[in-house]
Amino acid sequence: MKRKNVVLNRPVFAQQVFDSRSLTVLTTLFHRFPEEGDYELTIRRDERVVHRAHVRVGVEEASSQLDLDLATLREIEGAYSLRAGGVMGFYVSQGIARYRVEITQPGARGRRVWMDSGRVVPEGDLFAVTLVRPGVYRVILAEGKGEGEIRVRLPRGERYRPDQAVRITVGKGGSLEPTQVWILSGQSVVFWCTVPASLRVEWMKEEEPAEPPVQPFWSA
Amino acid sequence: MPFTDLSDLYGSIHEEGINRLVRHVMRQRPSLFNYATAFFSRRHDLFCVPIEVAPEVRAAGNPLFTEQDPLPVFGAPTPIGLNWCFQITDVRIDFHPGNTIGLPPELGALPEQRLALRMKGCFGLDCPSEYLIRDLLPAVEVLATASGRQDPSHAVAPSRGAPPRTPVILPTRKLTCFCLELFAVAHFEWGAIGAPDSQWLKLRLDGLEVVDLEPAEMEDLVECYTRTVLRLGLLPRLSQPIESMVLNLTDLLRKQGLTIGQRVTLQPAPAPAAAPHNPAVESDQLMAFINLVVEEL
Amino acid sequence: MAHMTVAVSEGVFRRSFDLLQRNLVFEKADSASFGSFTAGYDVKAHLEGGSVDLRADGTIRVKELDLRWDRLRFTLGLNIPELCVGGGCVDMPWPIPDICLPRVCIFSGDPDISISPDLAAFVAQEVSFTARLVVRYFDAALPLPSPDLCAPLRVEPPPAHNQWHIHIDPETIDVDLFDFPDIVGDLIEDTLTDAVKALIPGGWVRDLILAIIGSVADLIRTILDIPDEIEEWLSDLFNVSFGLLDSIGTVILDFFSRCNPLYRMDDPLEIMPASNGLIAVRIPVRNLSVSVNDAEMVVQADVGA
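Chains as they are written, first to last, in this note's numbering: chain A, 149 to 368; chain B, 446 to 742; chain C, 13 to 317.
Structure follows, in structure tokens:
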């Protein structure tokens, strides 16, 4: 049997802790630009600046969502365009480095920081985790006493697609709605922060057998 | 009716084919049909009948005749030999029914399953001329009349223990030749040669007639000698292995059979159980009925 | 009337044919790319059995010759597509646009897998053909054609002297289609599954990857683009895409009609062997012809002048 040299993307299977303040493989941060204008983007990898870019929001012909793979950034400098109200997603396809995203805007009264992921996910933005390892995960909010649970299990012969996601809304006082979700391994949970928040998702334990069937759902 | 109704294989040759075949044999193996003294290797032109030779024979340096000792002159005080030649020519075969060779009455009508043979036997001898004999006579007379007190240089017979003297062969200018017509009746039969399970087609002589030689005893003698020459000399050399009757077509069968551990041989079909006559000589043809025998090794 | 006649009964003819056809070996290997996969074969077969019938119309009918596969190796190379987790989109309340998640892929680089099962035990076919006998004269003085296509098929080396050759000349050759049974489909699926499993570590990681792939069977069907059973797809591949049936037919035709006479006869034919330095006596063979009826093969020839 001939075999090509394939390298398994190990972090996909090894990662057990996901923190919005320190972006890794299987996490994605989405920032929405409600206002047109020019913005500055800074990406830090393990605290070292690896990328700066200019983001122009309000370009008619541009797309409304732009995803940036932080692991494969090549140039130190860059420039991006987005439609008004568009979203930029920041994710990591491989590797074990940790990233921090900062979005600022120069202004008459100094630099305004729209987002510093190392501190908090700003209101209106989203943080997503793709959970692969089966088991029970705990969701912790640094602000407030919110706690949630995500149960991940392997598909058992049912029709299965990894490209399914559920939404959890982070509300006032650190509330999570819903507090408990079930997904299949490889699917994603998106936290919509209606208030500034920083989130941490941790693998706790193996899943108990005989779980109820999973239907990905979110509040209507 | 199919040819192979009576056996696995059938082979036949028409008398036209046989006669062509005989001609090829005579042209490619002339030494089987021509016998002469060594002298003739330099003087082919002196043969009684010119020898027809295939070019391959000359190219291979093969002899045109089989060398024989000269005919001795009896009583000569010193050995004297004469050159001579004997040739068989004009061989013709006629399978039953006999319609091209008219047999002499002594042999009767050609019986069924027989073939008629006609050939010429020519003999030539160098008869020394008068002039040559007169030339030799004085020396011969000296040798012939020498006594016991003789000068050893004139001794008649070699003394005991001495090697025989080479004959003096008289020089030849031309031969005196005569030819006799020979008729024979023969048949074919299957038989072994050497190994007991080998199968060969052999030609067997039934009767021979030399036409009109006198006295009758001389005719008998010549016939006897000719019969002996044919039976012990010529005919055994013409025996054919059984494969040749089917033109060696079964050669591949035999070779490939060996590769799978089988021995394939040919055997004549039994007569009269399978074929009434085998080999058969009829309708101007020689026919052979042959079975394929396969043994697992 | 011809000078010489030789007749070979149907039984002897059958035996001659049987001994000759044992030597036929069909051997071929090839592969082709079909985009998302490569497929190839490495095969070897021989002939066995069959019935030979001489017919009154002068033809020879060979039926039910078994084409026995000594080796029927099928090589399939698949390029496993990207396997990723994540992705998908989430509905957001207006005015916020729906958010679509990026995918993260499990392997760096596209893995290939390749399998080579030997399917010889699962398929058997028969060959039939109708033929005539043809006579060819082999002139030893002429050089062999270049390239010599008979070189791999010849049973005996070419003769050193002239010969008359009697060949079987097939007119139409029928070869049964390849028809792989169900278990071949299962075999291929199992072998591919094993190959996929060998790529990835065991435990829940493998279970997940296999779950993402769906069943290996579905993956295969997607890559190979086959709506039906694998064994049907495979049969089509062998019958049509690989053109193996044509190749088999050509080899059979060349073997009998061109490269290996069933019977041979030297020309000139030796009737007395060489002895004691004397050359052999040979007779020229002319006008050789061959015919067939329902009982026998008849060869006729003349002794040349």
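Every residue gets a Cβ at the ideal spot worked out from N, C-alpha and C, and that includes glycine.
Excluding sequence positions up to five away, which residues of its chain have a Cβ less than 8 angstroms from the Cβ of residue i?
| i | result |
| --- | --- |
| Val738/B | Val709, Thr710, Leu711 and Gln712 |
| Gly234/A | Arg180, Phe181, Val205, Ala210, Ser211, Ser212, Gln213 and Leu214 |
| Arg594/B | With a pLDDT of 49 at Arg594/B, under the threshold of 50, the modelled position of that residue is not reliable, and the figure given next carries that caveat. Excluding residues within five positions, none has a Cβ falling inside 8 angstroms. |
In chain order, what residues of the same chain lie with their CB nearer than 6 angstroms to the CB of residue i, ignoring the 5 residues before and after it?
| i | result |
| --- | --- |
| Phe531/B | Tyr480 and Phe568 |
| Ala372/A | Examination of residue 372/A is not possible in this model, given that chain A is present from 149 through 368 alone. |
| Pro282/A | Val300, Arg301, Leu302, Ser333 and Glu355 |
| Arg348/A | Asp167 and Ile288 |
| Asn401/B | It is not possible to answer for residue 401/B, since the shown part of chain B is limited to 446 through 742. |
| Ala68/C | Asn305 and Asp306 |
| His599/B | Only weak support exists for where His599/B lies, its pLDDT of 49 falling under 50; the coordinates are left without a value. |
| Arg259/A | Thr252 |
| Thr87/C | Gly52 and Ser128 |
| Leu36/C | Leu59 and Phe267 |
Could one say the Cβ of residue i lies closer than 7 angstroms to chain C's Cβ atoms, at least one of them?
| i | result |
| --- | --- |
| Val691/B | yes |
| Gln253/A | no |
| Ala720/B | no |
| Tyr285/A | no |
| Ala733/B | no |
| Thr545/B | no |
| Asn479/B | no |
| Val338/A | yes |
| Ile638/B | no |
| Pro686/B | no |
| Pro303/A | yes |
| Val726/B | no |
| Ala584/B | no |
| Val498/B | no |
Less than 7 angstroms between C-beta atoms, sequence neighbours within five positions excluded: which residues of the same chain meet that for residue i?
| i | result |
| --- | --- |
| Phe250/C | Phe190 and Leu256 |
| Lys353/A | Gly283 and Val284 |
| Arg682/B | Leu477 |
Output yes if chain A places a C-beta closer than 7 angstroms to the C-beta of residue i; else output no.
| i | result |
| --- | --- |
| Trp216/C | yes |
| Pro109/C | yes |
| Leu231/C | no |
| Ile118/C | yes |
| Asp248/C | no |
| Glu308/C | no |
Quick check on this structure: which residue in the options has the alpha carbon closest to the alpha carbon of residue i?
| i | options | result |
| --- | --- | --- |
| Gly261/C | Pro285/C, Asp186/C, Leu32/C and Leu300/C | Asp186/C |
| Leu90/C | Ile72/C, Val311/C, Ser301/C and Ser45/C | Ser45/C |
| Ala136/C | Glu76/C, Glu201/C and Thr17/C | Glu76/C |
| Leu560/B | His541/B, Cys624/B and Thr545/B | His541/B |
| Val369/A | Val338/A, Glu250/A and Glu325/A | As displayed, chain A neither begins before 149 nor continues past 368, which places residue 369/A out of reach and without an answer. |
| Val139/C | Val315/C, Thr17/C, Glu308/C and Asp258/C | Asp258/C |
| Leu174/A | Gln328/A, Arg257/A and Ala219/A | Ala219/A |
| Ser301/C | Val55/C, Leu32/C and Gly70/C | Gly70/C |
| Gln473/B | Phe484/B, Asp450/B and Val502/B | Val502/B |
| Cys341/A | Arg309/A, Glu208/A, Val268/A and Gly255/A | Val268/A |
Nearest chain B C-beta to residue i closer than 7 angstroms, yes or no?
| i | result |
| --- | --- |
| Ile125/C | no |
| Tyr149/C | no |
| Val302/C | no |
| Tyr275/C | yes |
Next on the checklist: Assess contact between the segment 179–190 of chain C and the segment 109–117 of chain C, defined as three or more Cβ pairs (one per stretch) separated by less than 8 angstroms. Is contact present?
Outcome noted: no
Checklist entry - At a cut of 8 angstroms, does the segment 297–304 of chain A reach the segment 448–456 of chain B through at least three beta carbon pairs? => result no
Checklist entry - When the Cβ atoms of the segment 607–622 of chain B are set against those of the segment 561–575 of chain B, are three or more pairs found closer than 8 angstroms? => result yes
Next on the checklist: Quick test of the definition: if touching needs 3 or more C-beta pairs under 8 angstroms, does the segment 287–298 of chain C touch the segment 207–216 of chain C?
Outcome noted: no
Next on the checklist: Does the structure place the segment 504–516 of chain B close enough to the segment 640–653 of chain B that three or more beta carbon pairs sit under 8 angstroms?
Outcome noted: no
Item to check | Inter-stretch contact (C-beta, 8 angstroms, three-pair minimum) for the segment 262–275 of chain A and the segment 78–88 of chain C | outcome: Because the criterion of three Cβ pairs below 8 angstroms is not met, the segment 262–275 of chain A and the segment 78–88 of chain C do not touch.
Checklist entry - Are at least three pairs of beta-carbons, each pair with one atom in the segment 303–317 of chain A and one in the segment 181–194 of chain A, less than 8 angstroms apart? => result no
Checklist entry - Is there contact here, the segment 488–505 of chain B with the segment 580–594 of chain B, by at least three beta-carbon pairs under 8 angstroms? => result Of all C-beta pairs linking the segment 488–505 of chain B to the segment 580–594 of chain B, fewer than three are shorter than 8 angstroms, placing the two stretches out of contact.
Checklist entry - Counting Cβ pairs closer than 8 angstroms, one from the segment 100–109 of chain C and one from the segment 140–157 of chain C, do we hit at least three? => result In short, these stretches do not touch, since the Cβ pair count stays below three.
Checklist entry - Residues in the segment 306–331 of chain A with C-beta within 7 angstroms of chain F's C-beta atoms, listed in sequence order? => result Looking at the structure shown, chain F is missing, and the protein chains on hand are A, B and C.
Checklist entry - Where are the alpha helix (DSSP H) runs, 4 residues long or more, that stay fully inside the segment 635–704 of chain B, in chain order? => result 661–673 and 696–704
Next on the checklist: Please give the ranges of any alpha helix (DSSP H) in the segment 164–211 of chain C, keeping only runs that are unbroken, at least 4 residues long and fully inside the region.
Outcome noted: 194–211
Checklist entry - In chain order, which continuous runs of the alpha helix (DSSP H) of length 4 or greater are located wholly inside the segment 206–285 of chain C? => result 216–225, 228–236, 242–248 and 256–265
Item to check | Given 8 angstroms, three or more beta-carbon pairs between the segment 547–564 of chain B and the segment 626–638 of chain B | outcome: yes
Item to check | Cβ pair count under 8 angstroms reaching 3, the segment 158–172 of chain C against the segment 192–199 of chain C | outcome: The segment 158–172 of chain C, when compared against the segment 192–199 of chain C, does not touch it at the 8 angstroms Cβ threshold.
Next on the checklist: Pairs of beta-carbons, one from the segment 461–480 of chain B and one from the segment 275–285 of chain C, closer than 8 angstroms: are there three or more?
Outcome noted: yes
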